[in-house]
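In terms of numbering that gives the first Met the number 0, the sequence shown has 411 at position 412, counting the first letter as 1, and numbering is strictly consecutive.
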Amino acid sequence: MEMPKVDAAIVARKPAIVAALQGVLPHDAVIFDEAAVRVYECDALTAYRCPPLAAVLPRTTAEVAAVLRICSQMGVPVVPRGSGTSLAGGALPTADCVVLGVARLNDVLETDYDNRFIRVQSGRTNLSVTGAVESDGFFYAPDPSSQLACAIAGNIAMNSGGAHCLKYGVTTNNLLGVTLVLMDGTVLEIGGAHLDAPGLDLLGVICGSEGQLGVVTEATLRILPKPEGARPVLMGFDSNEVAGECVSDIIRAGILPVAIEFMDRPCIEATEAFAKAGYPMCEALLIVEVEGSAAEIDEQLALIMEIAQRHNPVELRQSQSDEESKKIWLGRKSAFGAMGQINDYMCLDGTIPVSSLPYVLRRIGEMSREYGLDVANVFHAGDGNMHPLILFDANKPGDLELCEAFGADILKLCVEVGGCLTGEHGVGIEKRDLMKVQFAPEDMEAQLWVKDVFDPKWLLNPAKVFPLDVTASRRAG
């Protein structure tokens with residue numbers, strides 16, 4: 000992966016930059032020691048690392064605005080950072096940048112149950128949003144696997160989803176408004192505590208923009224009443240392709256489960272050893288969950304299990320208790336960590352039409368044999384958001400590059416069948432060179448114009464999303 004050129008002139012001005020930042024932030028909010036800034040040298044895509052020039056940890060929107068104003072005036076690039084859980088290198092620094100972390104922006108600002116929204120600072124973790132309202136019978140729907148740690152800021156930047164997005168949608172479907180700070184320090188209020196804001200849908204532009212347009216410091220989020228009940232069913236199959244066909248048939252039947260999750264044998268074995276969730280040992284596993292009243296659950300599961308029976312499952316088992324349901328979901332939520340215990344891997348994130356699942360799973364298996372690298376599949380099957388985990392040896396020369404080439408071919412396959420490069424992890428650095436596979440020059444140019452308007456100096460989150468040659472030419476004017 001090519002890294003951008005470092006601006007030596009900016010690095011040479013480090014003492015002046017740090018002094019300016021210390022003038023607007025508390026002493027402990029500016030980090031510039033060489034050892035201390037290594038904490039921010041990478042995100043969850045750990046194959047690539049680069050210590051930043053400095054890092055700052057503001058606590059308020061006003062402090063964020065002051066930092067961005069200084070960096071804009073001094074021509075210093077800024078990399079916004081939530082909790083650093085990005086799997087696409089979305090928060091990877093450059094050596095001449097300031098990392099702006101929002102971890103200290105973690106307060107609940109307002110809760111309104113009558114109008115079903117909560118307003119929080121953007122550094123608050125995903126799971127703690129539900130934690131703030133669950134005692135009153137509400138929850139926040141998007142639930143990424145990293146929800147214990149990931150920040151709302153990162154969820155907005157990457158338009159994160161999660162296991163239950165099939166029914167409830169991803170972040171953009173649950174985001175009502177943001178406070179956004181532009182690179183020059185201007186503070187904008189976009190959207191708000193209502194379902195439909197007047198004017199252009201700028202909220203739709205901000206959500207999923209990967210820190211390219213501004214820094215989100217506050218978010219107004221939709222909260223929902225908890226369902227009466229929910230129940231998952233485990234389905235085991237003899238092959239990935241058969242499991243994919245079962246998913247297609249469930250969706251084709253017009254049934255809307257709250258979640259359909261897929262795991263293949265390598266992932267099942269690792270997860271079962273790690274979480275002991277009681278999964279059957281088979282080639283492919285589906286977790287299908289429905290919710291509602293007891294009668295609704297029984298009716299939906301009867302239809303789903305009837306469809307599953309047509310595919311000759313090796314196991315078909317409903318959860319019999321809340322404790323068993325929690326174990327089933329603990330296993331799924333632990334999948335990435337479980338795989339990390341046994342092997343280095345790169346986690347991909349492409350989307351495909353659900354009807355293409357059998358074909359794509361078959362092709363990934365064929366490519367795995369061609370490249371000589373194993374793949375574990377775990378993903379949100381209901382909406383076609385795939386997360387193949389390519390296993391490689393980080394200490395073996397050439398293995399990372401081979402893994403990257405394999406990953407690129409999988410993502411090209413996703414585009415080929417009518418899908419796209421990313422579902423919820425973002426483009427970051429991982430897929431920036433594949434943007435030309437997804438988008439025609441005219442489509443790319445339209446996106447660049449939007450970036451020009453919000454960040455005319457191209458200082459926000461450099462070297463991400465767009466190919467490096469495009470970024471370099473844009474910054475040069």
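Here a beta-carbon is modelled for each residue, glycine too, at the ideal position from N, C-alpha and C.
Under a Cβ-count criterion, where at least 16 other Cβ atoms within 10 Å of its own Cβ denotes burial, should residue i be classed as buried or exposed?
i, result
"V10", "exposed"
"R48", "exposed"
"A258", "buried"
"S292", "exposed"
"H26", "exposed"
"R481", "Because the chain spans 0 through 476 in this model, residue 481 falls outside it and cannot be assessed."
"V353", "buried"
"A7", "exposed"
"K4", "exposed"
"N239", "buried"
"V359", "buried"
"E322", "exposed"
"R123", "buried"
"P197", "exposed"
"E429", "buried"
"D195", "exposed"
"Q211", "buried"
"L108", "exposed"
"S472", "exposed"
What did DSSP end up calling residue i once you bin it into helix, strand or coil?
i, result
"Q317", "strand"
"D111", "strand"
"D343", "strand"
"R230", "strand"
"I222", "coil"
"Q120", "strand"
"G364", "helix"
"L390", "strand"
"E209", "coil"
"G406", "helix"
"G153", "helix"
"V128", "helix"
"R80", "strand"
"M338", "helix"
"N173", "coil"
"E369", "helix"
"V241", "helix"
"G73", "Checking the sequence, you will find Met at residue 73 rather than Gly. In this structure, M73 counts as helix in the three-state DSSP scheme."
"A53", "strand"
"L165", "helix"
"T350", "strand"
"C413", "helix"
Measure how close the beta-carbons of residue i and residue j come, nearest whole angstrom, since I'm counting them as under 8 angstroms.
i, j, result
"R51", "R103", "Correcting the residue type first, residue 51 is Pro in the shown sequence and not Arg. With 8 angstroms as the limit, P51 and R103 do not qualify as a contact, their Cβ atoms being about 17 angstroms apart."
"A87", "V426", "6 angstroms"
"V77", "L67", "6 angstroms"
"V287", "P231", "7 angstroms"
"P141", "M234", "No, P141 and M234 are not in contact; Cβ-Cβ is about 25 angstroms, not under 8 angstroms."
"V416", "I351", "5 angstroms"
"A43", "T110", "Rounded, the Cβ-Cβ distance is 30 angstroms, inconsistent with contact."
"S208", "A150", "No, S208 and A150 are not in contact; Cβ-Cβ is about 16 angstroms, not under 8 angstroms."
"V449", "V55", "Contact flag wrong, Cβ pair sits at about 26 angstroms."
"I69", "L20", "6 angstroms"
"V101", "S71", "Incorrect: roughly 18 angstroms between the Cβ atoms, too far for contact."
"L401", "Y370", "6 angstroms"
"R221", "F116", "6 angstroms"
"V436", "V414", "6 angstroms"
Looking only at its chain, what residues have a beta carbon closer than 7 angstroms to the beta carbon of residue i, apart from the 5 residues adjacent to it on each side?
i, result
"T60", "T178, V180, V186, T216 and E217"
"G191", "L175, G176 and T219"
"R431", "K463, V464, F465 and P466"
"M338", "C266, A269, Y344, A375 and L388"
"D135", "Y112"
"H386", "C346, L347, D348, V377 and F378"
"G406", "M345, L347 and I389"
"K206", "It is worth fixing the name first, because residue 206 is Cys in this sequence and not Lys. Closer than 7 angstroms at Cβ, skipping near neighbours: I155, N158, T170, T171 and L174."
"D382", "C164 and L165"
Can you find the residues in the same chain that come closer than 8 angstroms, C-beta to C-beta, to residue i, ignoring five residues on each side of it along the sequence?
i, result
"E268", "M280"
"M2", "Y47, C49, T93 and A462"
"G228", "E290, G291, S292, A293 and I296"
"K326", "A274, K275, A276 and G277"
"V17", "V29, F31 and A53"
"L315", "V232, L233, M234, G235, M304, A307 and Q308"
"A15", "M73"
Is residue i near the ligand MG, in the sense that its beta carbon is under 7 angstroms from a heavy atom of that ligand?
i, result
"K4", "With respect to the ligand MG, the structure offers nothing, as it holds no ligand at all."
Once the 5 residues before and after residue i are set aside, which same chain residues still bring their CB inside 6 angstroms of it?
i, result
"L447", "none"
"P143", "C149, S159 and G161"
"S324", "P231 and S318"
* **alpha helix (DSSP H) runs wholly inside the region 255 to 328, at least 4 long, in chain order** => Restricted to the region 255 to 328, the alpha helix (DSSP H) segments that are unbroken, complete and at least 4 residues in length are 264 to 274 and 293 to 308, listed in chain order.
* **alpha helix (DSSP H) runs contained entirely in the region 0 to 38, provided each spans 4 or more residues** => Look at the region 0 to 38 and you find these whole runs of alpha helix (DSSP H), each 4 residues long or longer: 7 to 11 and 13 to 21.
* Go through the region 422 to 463 residue by residue and report every complete run of the alpha helix (DSSP H) that reaches 4 residues or more, in order. => The qualifying runs are 434 to 437 and 440 to 453.
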